Amino acid sequence: QVQLVESGGGLVQPGGSLRLSCAASGGIGIINAMGWYRQAPGKQRELVAEITSPGSTNYVDSVKGRFTISRDNAKNTVFLQMNSLKPEDTAVYYCYIESWLGRVSRSWGQGTQVTVSS
1 QVQLVESGGG
11 LVQPGGSLRL
21 SCAASGGIGI
31 INAMGWYRQA
41 PGKQRELVAE
51 ITSPGSTNYV
61 DSVKGRFTIS
71 RDNAKNTVFL
81 QMNSLKPEDT
91 AVYYCYIESW
101 LGRVSRSWGQ
111 GTQVTVSS
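Position 25 of the sequence shown, counting from 1, maps to 25 under our numbering, and the rest follow consecutively.
Right under this line is the structure:
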């Protein structure tokens, strides 16, 4: 079973930066993609950014130019560098991994709170 451990959330002022990390371990298999979703109070969970095994990236429009997703393949770790943070970025951020080990499966992290406030 795949385990995901997230870190890096916290409280930051508008315009500040945070870096989220998510390390995967266990029976991972072949990784198709890793990424981050977020869910703000009263809103649906939305995809923030993802990175596929070939290295292509995808971002929600609201974070383009401010957030950067990257991976350390050797450590099965995905990062989300968040710059120029805005109050509307406040949410619980969840990392995920989609991988194949006999079948395609998706596993989730426990979530980490990001709060942008002055």
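Even for Gly, the Cβ is constructed at its ideal location relative to N, Cα and C.
Since we're looking at a predicted model, the values are computed, not measured.
Using the beta-carbon count (16 or more within 10 Å), is ASP72 buried or exposed? With fewer than 16 Cβ atoms within 10 Å of its Cβ, ASP72 is classed as exposed.
Exposure of SER99, with buried meaning 16 or more beta-carbon neighbours within 10 Å: By the C-beta density criterion, SER99 is buried, having at least 16 other C-beta atoms within 10 angstroms.
Check ASN76 in the structure and name its three-state DSSP category. Note: ASN76 maps to coil in three-state DSSP.
If you compare alpha carbons, which of SER70, GLN113 and ALA74 is closest to GLN81? Of the candidates SER70, GLN113 and ALA74, the one whose C-alpha sits nearest the C-alpha of GLN81 is SER70.
Would you check if there are 3 or more beta carbon pairs closer than 8 Å linking the stretch 105-117 to the stretch 42-62? These segments do not touch.
Suppose you measure from the CA of ARG38 to the CA of LEU101; what does that come to, to the nearest Å? Between ARG38 and LEU101, the C-alpha separation is close to 26 Å.
Between the CA atoms of ASN58 and TYR93 - distance to the nearest angstrom: Distance between the alpha carbons of TYR93 and ASN58 is about 16 Å.
Considering only their Cβ atoms, is the gap separating VAL48 from VAL60 smaller than 9 Å? Yes.
6 Å Cβ shell around GLY9 - same chain, five flanking residues per side excluded: The beta carbon of GLY9 is closer than 6 Å to those of THR112, GLN113 and VAL114 in its chain, skipping five residues each way along the sequence.
DSSP three-state label for SER62, please. In the structure shown, the three-state DSSP call for SER62 is helix.
Less than 9 Å between the C-beta atoms of GLU50 and ALA33, yes or no? Yes.
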